[in-house]
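Participant: The structure that follows is given in the form of structure tokens.
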Amino acid sequence: MYFLLFVVAFLQFSAVGAIKTTKNYWTLKPNVIVVDVDVAQDMDIVEVPLICGEEFEGTNVTWTKNQGEHLEACGNRIIVTVDGWKGANYSCYNSEGTILNHTLVLAQWTFRKIIRNTPEKGYIHCSSKNYGGSFQCSWTWGNNRNGHVAVVAHIKATRSHSGNQISCSLDSSGQSITCLDQHYCPYAEEVDRINLTIYFRSSYVIEAYYKQFHIMDIVRPDTVDISRINQTSVKLEYPHSWNTPSSYFPLIFQVKEIRCRKRKKCDCSKPSSAEVISYSTQSHQLPVTKGMTVCVRARDKFCNSSWSEWSHYNIETKREYWLTTSGTCALALIETSTCL
């Protein structure tokens, strides 16, 4: 008799899969619980305890799943089972049917489907226009989301050692964030890295993406301003968004001349010669011919960070131009190129 009961219990247990009794769930933020799913198993069921609220202890509380399915379990505290990555939104009500609270249960897997990985920028691309402590991060939504709308569920940004919190907000496009480290000092050495984690949700599945960097790793100046002084010279100005003074935050300028018969784009040239020239307040004579375009971009002199976008100035008639800079301790890379 006892043997038959054991066999029946064993078969019932095998039919529903192995229920996880260990705590492999955690709280992402208030009212949101994340269950870590083991995708290597065909059937992974996790028991998760829910509570409507401490103030509702001892009262008549009922529950629904996804605001439609009424649960048999009742009371302030219940246990629900999460089957695989089938999360749900659980709501609790009082005896009059008024909603009291809710808990969103999400399943986290190790797949990467919600946002897309690009060879140049990875999953998440971050950049900063200056050393003011602010930076922006963007991403591209993936195609394999099973028709569900993906959203940003949570953003967490801190400094690695100090633990200082960095405030972040989702931009109106829903495809980028803007963050600000209020404790950042541009005149001090940046020792701590920024730890950034963005949680993306699609239906009841959540994916976490992690990135670590310094501001100096991602700094990228805005475009350089080029203005005409007279018929023989143009002037390069630091971007208005760049830090001052320029003597403490110097930039490297890269300058080249191109000839494009069909299009005037600074990245369509084929370099034929190059000369590196160092100057501060000096000028360099650059002979050009009709149809030539002067292109300039900049980056931080002391960090091997990204170049800014190209700025260009079109030369209409054959003449000589002088390239000067209003900053100090700048470098220029001069290239003469032809775009076929």
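Per mature numbering (1 follows the signal peptide of the UniProt record, and there is no 0): the sequence shown = residues -18 to -1, 1 to 322.
C-beta atoms are modelled at their ideal positions from N, C-alpha and C, and glycine is treated no differently.
Can you grab the Cα-Cα spacing for the pair glycine 69 / phenylalanine 182, in whole Å?
Facilitator: Within the sequence shown, the letter at position 87 stands for residue 69. Within the sequence shown, the letter at position 200 stands for residue 182. Using only the alpha carbons, I get a separation of about 14 angstroms.
Participant: Any contact between the segment 109 to 119 and the segment 225 to 235? By contact I mean 3 or more CB pairs, one from each, below 8 angstroms.
Facilitator: yes
Participant: Helix, strand or coil for aspartate 207, going by three-state DSSP, please let me know.
Facilitator: On the sequence shown, position 225 is the one that residue 207 refers to. It is a strand residue.
Participant: Can you list, in chain order, the residues of its chain whose CB lies under 7 angstroms from that of glycine 57, leaving out five sequence neighbours each side?
Facilitator: Translated into positions along the sequence shown, residue 57 becomes position 75. Non-local beta-carbon contacts of glycine 57 in its own chain, meaning distances under 7 angstroms to residues more than five positions away in sequence, involve Val43 in chain order.
Participant: Is it true that the CB of isoleucine 61 sits closer than 7 angstroms to the CB of glutamate 29?
Facilitator: Numbered from its first residue, the sequence shown carries residue 29 at position 47. Numbered from its first residue, the sequence shown carries residue 61 at position 79. Cβ distance < 7 angstroms, so glutamate 29 and isoleucine 61 count as in contact.
Participant: By how many angstroms is the C-alpha of alanine 139 removed from the C-alpha of glutamine 49?
Facilitator: Taking the first residue of the sequence shown as 1, we reach residue 49 at position 67. Taking the first residue of the sequence shown as 1, we reach residue 139 at position 157. Straight-line Cα distance between these residues: approximately 33 angstroms.
Participant: Return the Cβ separation of serine 158 and serine 120 in integer angstroms, given the expectation that the two are a contact with Cβ distance under 8 angstroms.
Facilitator: By 1-based counting over the sequence shown, the position of residue 158 is 176. By 1-based counting over the sequence shown, the position of residue 120 is 138. Contact holds; Cβ gap of about 4 angstroms.
Participant: Are the C-beta atoms of alanine 280 and some chain D residue less than 7 angstroms apart?
Facilitator: Although the question refers to chain D, the structure presented lacks it and comprises just one protein chain.
Participant: Which residue marks the beginning of the alpha helix (DSSP H) containing aspartate 199, and which one marks its end?
Facilitator: By one-based count along the sequence shown, residue 199 stands at place 217. Start and end: 197 to 200.
Participant: Select from Glu54, Arg281, Tyr220, Ala132 the residue whose C-alpha is nearest the C-alpha of valine 201.
Facilitator: Reading the sequence shown from its first residue, position 219 is the one you call residue 201. Closest in alpha carbon position to valine 201, among Glu54, Arg281, Tyr220, Ala132, is Arg281.
Participant: What is the DSSP secondary structure of residue 410, reduced to helix, strand or coil?
Facilitator: Any question about residue 410 goes unanswered here, given that the chain covers just -18 to 322.
Participant: One question on the structure: do asparagine 83 and cysteine 34 come within less than 7 angstroms of each other, judged by their Cβ atoms?
Facilitator: As a first step, residue 83 is located in the sequence shown; it is residue number 101 there, counting from the start. As a first step, residue 34 is located in the sequence shown; it is residue number 52 there, counting from the start. Cβ distance < 7 angstroms, so asparagine 83 and cysteine 34 count as in contact.
Participant: Taking glutamate 54 as part of the beta strand (DSSP E), name the residues at either end of that continuous run.
Facilitator: Within the sequence shown, residue 54 is the residue found at index 72, counting from 1. Glutamate 54 -> beta strand (DSSP E) spans 51 to 56.
Participant: Tell me whether glycine 104 sits in a helix, a strand or coil according to DSSP, three-state version.
Facilitator: Along the sequence shown, read from residue 1 onward, the residue named residue 104 stands at position 122. If DSSP states are grouped into helix, strand and coil, glycine 104 belongs with the strands.
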